[in-house]
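Peer 1:
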Amino acid sequence: MVAKCDCGQVPAGLFGRRDFIRIGSLGMFGLGLRDFFAMQALGKETPAHSALKAGAPDRSVILVWLSGGPPQMDTFDMKPDGPKETRGTFKPISTNVSGIQVCEHMPHTARQADKYAIIRSMTSREANHERAINYLLTGYLPLQTLEFPSMGSVISKEHGPKNGLPPYVTVPNIFPSFGAGFLGGAYGPFIAGDPNVSGYKVRDLTLPTDIDWARVNNRKWLLSQIDQQFKAIDANDEFKTVDTFYEKAYDLMKSSVAKKAFDIEAEPEAVRNRYGRTPVGQGCLLARRLVENGVRFVTVSKGWLNWDTHGRNFTTLEKLLLPELDMAYAALLEDLHQRGLLESTLVVLMGEFGRTPEVNSDAGRDHWSKAFTVVMAGGGVKGGQVLGATDSKAAEVTKDPYQVEDLVATIYDRVGLDFTHEYDTPGGRPVKLSNGGQVISKLF
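Taking our numbering, the leading residue of the sequence shown gets 646, the next gets one more, and so forth.
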């Protein structure tokens, strides 16, 4: 029990200010959403001027992230006539669009080719996993002196929440490069967990069974009394930031829309099975539910570096990675289309780079950033087309090279952001949303 002085206020010396921030105000009293709303990173916001264009479209983004780097020549840029030592063991199959082929282990995806565009001529300047992931998600090569915000965090800042839901969600978890960088923790992602687990519940979205809203309201009052005392002692911007976080946490727990959006078990069994009972399958289904209810940016991934196939590339792809992705990705596109959500949802399928044409001694492929593939659908993308080309080994771009900066500019443009807009970092450095990139106009 917290003691009070005669004036009815909490004595200032009862808790240390830093200790109180570290523990988390509501967290002290049994509510743990601080993990998302407060404790990821405390930072100061940039000036309030917006990058939103006038009349910006109300679009969401689903990023299906293939962490580790998928092999372009074993998925969407197959080379059946290439040199024997590079072409691998897989065969291409026709899609529902004449002239476009994909890997034989992606039959569901092949039937959705009219909905997506394949960019076969992406190229990157980075072949190290951590740095390349950061580059793809922010549009900037990483620096030791400055942490750039991910696209999800920028879109979260510019578009803000809708229907009381977090604007930016990662499924199942977060990697460092998915964060808010210099924008501050307010724009970091909500971590949704793995919706494929039995009895899936979003952590802390529901109250413990022995707590009712009357008690929560009382605790909220107590929190306000404590915070007032700390603010009177030490007026610090951190407290303003924490206040914002906890208000969001409180609102989210009371939101019926949030509970509905995350309730994946409300989906019919047939729908869940169509996506696949896998982390990626149920992650894509949850992503559809989230954008349907107002989330701005959802990242779905299987985990950390699952696609890093230095060994047993073909066995791993055939038995595990491609079947899981094939069902999930195809079901997502078909479901969004049937629900009339594909135009308002940009779906991006990519990893941080591609793989080497040469197969190594462990039957694997190594890192390759000179040429790789990104697939885009929805959000005004004209499906059934291929952009760019590579040589006979999928090693070098031979037509219409596109840089990472161009991809980032395109994603921002599709959600109505001025990708030339500048933020000022807390240190006063101007940083543009896209570092010199241009919209890939052939997509639309």
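Cβ coordinates follow ideal geometry from the N, Cα and C atoms, glycine included.
From a predicted model like this one, the values you see are computed outputs, not experimental measurements.
Assuming MET796 is part of the alpha helix (DSSP H), what are its boundary residues?
Peer 2: Here the question's residue 796 lines up with position 151 in the sequence shown. Where MET796 is concerned, the enclosing alpha helix (DSSP H) stretches over 796-804.
Peer 1: Which stretch, first to last residue, makes up the alpha helix (DSSP H) that contains LYS905?
Peer 2: The residue given as residue 905 occupies position 260 in the sequence shown. 901-907 is the span of the alpha helix (DSSP H), which, as asked, contains LYS905.
Peer 1: Might you give, ordered along the chain, the residues of its own chain that have their beta carbon closer than 6 angstroms to the beta carbon of SER989, omitting 5 neighbours on each side?
Peer 2: Mapped onto the sequence shown, residue 989 falls at position 344. Excluding positions up to five away in sequence, the list reads ARG704.
Peer 1: Kindly provide the ranges of any alpha helix (DSSP H) runs that are 4 or more residues long and lie completely inside the region 708-790, ordered along the chain.
Peer 2: Taking only runs of at least 4 residues, the alpha helix (DSSP H) segments lying wholly in the region 708-790 are 729-732, 752-755 and 774-783.
Peer 1: Leaving aside the five residues before and after ARG934 along the sequence, list all residues of the same chain whose C-beta is less than 6 angstroms from its C-beta, in chain order.
Peer 2: In the sequence shown, residue 934 corresponds to position 289, counting from 1. Result list for ARG934: ALA906, in chain order.
Peer 1: Quick one: Cα of PHE942 to Cα of PRO968, how far?
Peer 2: For the purposes of this step, residue 942 is taken as residue 297 along the sequence shown, with counting starting at 1. For the purposes of this step, residue 968 is taken as residue 323 along the sequence shown, with counting starting at 1. Cα-Cα distance, rounded: 25 angstroms.
Peer 1: Less than 9 angstroms between the C-beta atoms of SER946 and PHE820, yes or no?
Peer 2: On the sequence shown, position 301 is the one that residue 946 refers to. On the sequence shown, position 175 is the one that residue 820 refers to. Cβ atoms of SER946 and PHE820: closer than 9 angstroms.
Peer 1: Using only CA atoms, which one of LEU697, THR790 and ARG765 lies nearest to PRO1071?
Peer 2: Position 426 of the sequence shown, counting from 1, holds the residue named residue 1071. Answer by Cα proximity: THR790.
Peer 1: Pairs of beta-carbons, one from the region 795-806 and one from the region 917-934, closer than 8 angstroms: are there three or more?
Peer 2: Cβ pair count under 8 angstroms is below three, so no.
Peer 1: Determine the extent of the beta strand (DSSP E) in which ALA976 is found, giving its start and end residues.
Peer 2: Indexing the sequence shown from 1 puts residue 976 at position 331. From DSSP, ALA976 is part of no beta strand (DSSP E) but of the alpha helix (DSSP H) over 967-983.
Peer 1: Where in the region 1002-1074 do unbroken runs of the beta strand (DSSP E), each at least 3 residues long, occur, reported from the N-terminal end onward?
Peer 2: Segments of the beta strand (DSSP E) lying fully in the region 1002-1074: 1017-1022, 1030-1032, 1042-1044 and 1067-1069.
Peer 1: If distances are taken between C-alpha atoms only, which option among GLY1023, GLY744, ASN741 and ALA772 comes closest to GLY713?
Peer 2: Residue numbering aside, residue 713 sits at position 68 when the sequence shown is read from its first letter. Closest by alpha carbon: ALA772.
Peer 1: Taking only the alpha-carbon atoms, compute the straight-line gap between GLU792 and PRO716 and give it to the nearest angstrom.
Peer 2: Position 147 of the sequence shown holds residue 792. Position 71 of the sequence shown holds residue 716. So the two alpha carbons sit approximately 29 angstroms from each other.
Peer 1: Is it buried or exposed, SER1006, if we count other Cβ atoms within 10 angstroms and call 16 or more buried?
Peer 2: Taking the first residue of the sequence shown as position 1, residue 1006 is located at position 361. Exposed is the call here.
Peer 1: Which value, in whole angstroms, describes the spacing of the CA atoms of ASN779 and ILE764?
Peer 2: The residue labelled residue 779 in the question sits at position 134 within the sequence shown. The residue labelled residue 764 in the question sits at position 119 within the sequence shown. Going from the Cα of ASN779 to the Cα of ILE764 covers about 20 angstroms.
Peer 1: Quick check on ARG667: buried or exposed, where buried means 16 or more other Cβ atoms within 10 Å of its Cβ?
Peer 2: Along the sequence shown, one-based indexing puts residue 667 at 22. Model confidence at ARG667 stands at a pLDDT of 38, short of 50, so the residue's coordinates are unreliable; what they give is reported in the following sentence. ARG667 should be labelled exposed.
Peer 1: For GLU997, collect the residues of the same chain with a Cβ closer than 6 angstroms to its Cβ; drop the 5 residues on either side in sequence, then sort them by chain order.
Peer 2: Counting from one through the sequence shown, the residue named residue 997 turns up at place 352. GLY714, ALA777, ILE778 and LEU781, listed in sequence order.
Peer 1: Are the beta-carbon atoms of GLY936 and GLY809 separated by less than 9 angstroms?
Peer 2: Within the sequence shown, residue 936 is the residue found at index 291, counting from 1. Within the sequence shown, residue 809 is the residue found at index 164, counting from 1. Checking the sequence shown, residue 936 turns out to be Val, not Gly. For VAL936 and GLY809, no; Cβs fall outside 9 angstroms.
Peer 1: How about the region 749-762 and the region 1054-1073: do they share at least three Cβ pairs that are nearer than 8 angstroms?
Peer 2: Contact between the region 749-762 and the region 1054-1073 is absent, because fewer than three Cβ pairs lie under 8 angstroms.
Peer 1: Can you tell which of VAL1026, TYR813, VAL1076 and THR961 has its C-alpha closest to the C-alpha of ALA837?
Peer 2: The count along the sequence shown starts at 1 and reaches residue 837 at position 192. The residue with the shortest Cα to Cα distance from ALA837 is TYR813.
Peer 1: On the criterion of 16 or more Cβ atoms from any shown chain inside 10 Å, does GLN757 qualify as buried, or is it exposed?
Peer 2: Taking the sequence shown and counting its residues from 1, the one referred to as residue 757 is at position 112. With 16 or more Cβ atoms within 10 Å of its Cβ, GLN757 is classed as buried.
Peer 1: In angstroms with no decimal places, state the Cα-to-Cα distance between LEU1062 and HIS955.
Peer 2: Here the question's residue 1062 lines up with position 417 in the sequence shown. Here the question's residue 955 lines up with position 310 in the sequence shown. Roughly 38 angstroms between the two C-alpha positions.
Peer 1: Taking the DSSP output, what are the residues bridged to SER705?
Peer 2: Residue mapping note: residue 705 aligns to position 60 of the sequence shown, counting from 1. In DSSP, SER705 forms a bridge with THR990.
Peer 1: So, for PHE1089: in the same chain, excluding its five sequence neighbours on each side, which residues have a beta-carbon less than 7 angstroms away from its beta-carbon?
Peer 2: Within the sequence shown, the letter at position 444 stands for residue 1089. Contacts found: GLY1025, VAL1026 and LYS1027.
Peer 1: Please name the residue or residues paired with THR944 in a DSSP beta bridge.
Peer 2: The residue given as residue 944 occupies position 299 in the sequence shown. Answer by DSSP bridge pairing, in chain order: LEU708 and THR815.
Peer 1: Under 9 angstroms, do MET995 and LEU1032 count as touching if we go by C-beta distance?
Peer 2: By 1-based counting over the sequence shown, the position of residue 995 is 350. By 1-based counting over the sequence shown, the position of residue 1032 is 387. Taking 9 angstroms as the Cβ cut-off, MET995 and LEU1032 do not qualify as a contacting pair.
Peer 1: Figure out for me which residue from GLU730, GLU749, ARG732 and LEU966 has the closest Cα to the Cα of SER739.
Peer 2: What you label residue 739 is simply residue 94 of the sequence shown in a count that begins at 1. Nearest C-alpha to SER739: GLU749.
Peer 1: To the nearest angstrom, how far is the alpha carbon of ALA696 from that of LEU1078?
Peer 2: Start at 1 with the first residue of the sequence shown, and residue 696 comes out as number 51. Start at 1 with the first residue of the sequence shown, and residue 1078 comes out as number 433. Between ALA696 and LEU1078, the C-alpha separation is close to 9 angstroms.
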